[in-house]
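**Student:**
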Amino acid sequence: MSRIVQRFADLQARNEKALVGFITLGDPTPEQTVPLVVTLAEAGVDVVELGIPFSDPLADGPSIQASSQRALQNGITVAKSLDILHQIRIKCPHLPLIVMTYYNPILRYGLARYAADAKQAGVDGHIVTDLIPEEAELWKRLSNEHQLDTIFLLAPTSTEARIQSAAQLCSGFVYCVSRTGVTGARRDVPQELTEVVARIRHHTNLPICVGFGVSQPEHVRAICSFADGVVVGSALVDLIYAHRNSPELLSEVYRFAHTLKTATRSG
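Heads up: the sequence shown begins at 1262 in our numbering, then just goes up one per residue.
1) Taking just the CA atoms, how far does Y1364 sit from T1411?
2) For the beta strand (DSSP E) that contains T1362, what are its first and last residues?
3) Can you look up C1485 in the DSSP assignment and give me helix, strand or coil?
4) In this structure, does DSSP put F1517 in helix, strand or coil?
5) Any idea which residues DSSP pairs H1387 with across the strands?
6) Rounded to the nearest angstrom, what separates P1289 and L1301 at their Cα positions?
7) Under a Cβ-count criterion, where at least 16 other Cβ atoms within 10 Å of its own Cβ denotes burial, should Q1334 be classed as buried or exposed?
8) Are I1349 and V1309 close, meaning C-beta to C-beta below 9 angstroms?
9) Tell me T1455's beta-bridge partners as DSSP assigns them.
10) Is T1294 helix, strand or coil by DSSP?
11) From L1372 to A1379, what distance separates their C-alpha atoms?
12) Less than 8 angstroms between the CB atoms is what I'm expecting for L1511 and P1296, so what's the real figure, rounded?
13) Identify whether V1306 lies in helix, strand or coil by the three-state DSSP scheme.
14) Quick check on I1393: buried or exposed, where buried means 16 or more other Cβ atoms within 10 Å of its Cβ?
15) Answer with buried or exposed for S1507, where buried requires no fewer than 16 other C-beta atoms within 10 angstroms of its C-beta.
16) With respect to the beta strand (DSSP E) encompassing V1491, which residues constitute its N-terminal and C-terminal limits?
17) Do the CB positions of Q1330 and P1314 come within less than 9 angstroms of each other?
18) Following the continuous alpha helix (DSSP H) through I1345, name the residue where it begins and the one where it ends.
19) Residues in its own chain within less than 6 angstroms of D1391 by CB, not counting five upstream and five downstream?
20) Which same chain residues end up closer than 6 angstroms to I1367 when comparing Cβ atoms and leaving out the 5 residues on each side of it in sequence?
21) For A1428, does the count of other Cβ atoms within 10 angstroms reach 16, so buried, or fall short, so exposed?
22) Let me make sure I understand the geometry here. Which of A1340, H1504, L1356, P1417 has the alpha-carbon closest to that of G1472?
23) So if DSSP puts L1311 in a beta bridge, which residue, or which two residues, is it bridged to?
24) If you reduce the DSSP assignment to three classes, tell me which class A1397 lands in.
25) Since V1438 is in the alpha helix (DSSP H), which residue starts that stretch and which ends it?
Structure below.
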């Protein structure tokens, strides 16, 4: 059983929903990434997504695009990302770690080599943003060989056929994006989300997490009423950037993450 599967099972037993937090590897600096992840874990974040930066992140909004660019300027490569991930795994032996990236960086690194090295570094699963299920056979096979979960993105516009194909290939959980388009913090939770999650549940028993826009405890509570977890990305990246030079960076991140985690608990 993967760390991701185990974490969701533990949460279900406690009647809690998952808080998944995203940060970019190497932003604000490579040296700050490990302490940031440790802080997220201490604040109660259940799963951490770590972005390997890419020069053309089409699915990401302005916040994460800028974060990715800063990380690239800091010299972050796939190899350096794996090194940081290994350091995180040493500090956080039980924390589920997911890499979120695009197909091109891992293709250039070498798919088989990357899958082996990611497993060695302590990675538990991947979200390859621009890889669609119909083209994922090789990546899925390599992931299975190295016991790496594969998580696909589904959107309100996804057809039943796409939902079915993604659900069949997914492991760990299914990632439902709350709106079409790029990522970024939103002011409200779309009304149609309940229906979208219900459509996905028709095809899978896996947990379903909702992301792309979650930034407030009210969002978390609303989404946790019908989904199994929430993903917080842009709001967290923005907070880190705003406090990047402050001695209060880690305490601000802890406060924000802890507040959101509290909102995932029933009752």
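All residues carry an ideal CB built from backbone N, CA and C; glycine is no exception.
**Tutor:** Checking against the coordinates, here is how it stands:
1) Here residue 1411 refers to the residue found at position 150 when the sequence shown is read from its first residue. Here residue 1364 refers to the residue found at position 103 when the sequence shown is read from its first residue. Between the alpha carbons of T1411 and Y1364 lies a distance of about 13 angstroms.
2) Start at 1 with the first residue of the sequence shown, and residue 1362 comes out as number 101. Where T1362 is concerned, the enclosing beta strand (DSSP E) stretches over 1358 to 1362.
3) As a working mapping, residue 1485 is identified with position 224 in the sequence shown. It is helical.
4) Here the question's residue 1517 lines up with position 256 in the sequence shown. F1517 falls in the helix class under three-state DSSP.
5) For the purposes of this step, residue 1387 is taken as residue 126 along the sequence shown, with counting starting at 1. H1387 pairs with V1360, T1411.
6) In the sequence shown, the residue the question calls residue 1289 occupies position 28. In the sequence shown, the residue the question calls residue 1301 occupies position 40. Spanning the alpha carbons of P1289 and L1301 requires a straight line of approximately 15 angstroms.
7) Taking the sequence shown and counting its residues from 1, the one referred to as residue 1334 is at position 73. Exposed.
8) Taking the sequence shown and counting its residues from 1, one reaches residue 1349 at position 88. Taking the sequence shown and counting its residues from 1, one reaches residue 1309 at position 48. Cβ distance < 9 angstroms, so I1349 and V1309 count as in contact.
9) Position 194 of the sequence shown, counted from the start, is the residue given in the question as residue 1455. The secondary-structure analysis by DSSP pairs T1455 with nothing; it has no beta-bridge partner.
10) Along the sequence shown, one-based indexing puts residue 1294 at 33. Note: T1294 maps to helix in three-state DSSP.
11) Locating residue 1372 in the sequence shown gives position 111, where the first residue counts as 1. Locating residue 1379 in the sequence shown gives position 118, where the first residue counts as 1. As the crow flies, the alpha-carbon of L1372 is around 10 angstroms from that of A1379.
12) Residue mapping note: residue 1511 aligns to position 250 of the sequence shown, counting from 1. Residue mapping note: residue 1296 aligns to position 35 of the sequence shown, counting from 1. L1511 to P1296, Cβ: 6 angstroms. Contact.
13) As a working note, residue 1306 is residue 45 in the sequence shown. Residue state, collapsed to three classes: coil.
14) Working through the sequence shown from its first residue, we reach residue 1393 at position 132. If you draw a 10 Å sphere on the C-beta of I1393, you find fewer than 16 other C-beta atoms in it, and that means exposed.
15) Position 246 of the sequence shown, counted from the first residue, corresponds to residue 1507. Around the CB of S1507, fewer than 16 other CB atoms lie within 10 Å, so the residue is classed as exposed.
16) One-based indexing of the sequence shown puts residue 1491 at position 230. First-last of the beta strand (DSSP E) with V1491: 1490 to 1493.
17) Taking the first residue of the sequence shown as position 1, residue 1330 is located at position 69. Taking the first residue of the sequence shown as position 1, residue 1314 is located at position 53. Contact: yes.
18) Here residue 1345 refers to the residue found at position 84 when the sequence shown is read from its first residue. From DSSP, the alpha helix (DSSP H) with I1345 extends over 1339 to 1352.
19) Stepping through the sequence shown from its first residue, residue 1391 is reached at position 130. For D1391, where only same-chain residues beyond five positions count, the Cβ hits under 6 angstroms are Y1363, Y1364.
20) Numbered from 1 along the sequence shown, position 106 holds the residue referred to as residue 1367. Cβ neighbours of I1367 beyond the five flanking positions: Y1375.
21) In the sequence shown, the residue the question calls residue 1428 occupies position 167. Under this definition A1428 is a buried residue.
22) For the purposes of this step, residue 1472 is taken as the residue at position 211 of the sequence shown. Distances from the alpha-carbon of G1472 to those of A1340, H1504, L1356, P1417 put P1417 closest.
23) As a working mapping, residue 1311 is identified with position 50 in the sequence shown. In DSSP, L1311 forms a bridge with I1284, V1360.
24) By one-based count along the sequence shown, residue 1397 stands at place 136. Note: A1397 maps to coil in three-state DSSP.
25) Here residue 1438 refers to the residue found at position 177 of the sequence shown. From DSSP, V1438 is part of no alpha helix (DSSP H) but of the beta strand (DSSP E) over 1435 to 1438.
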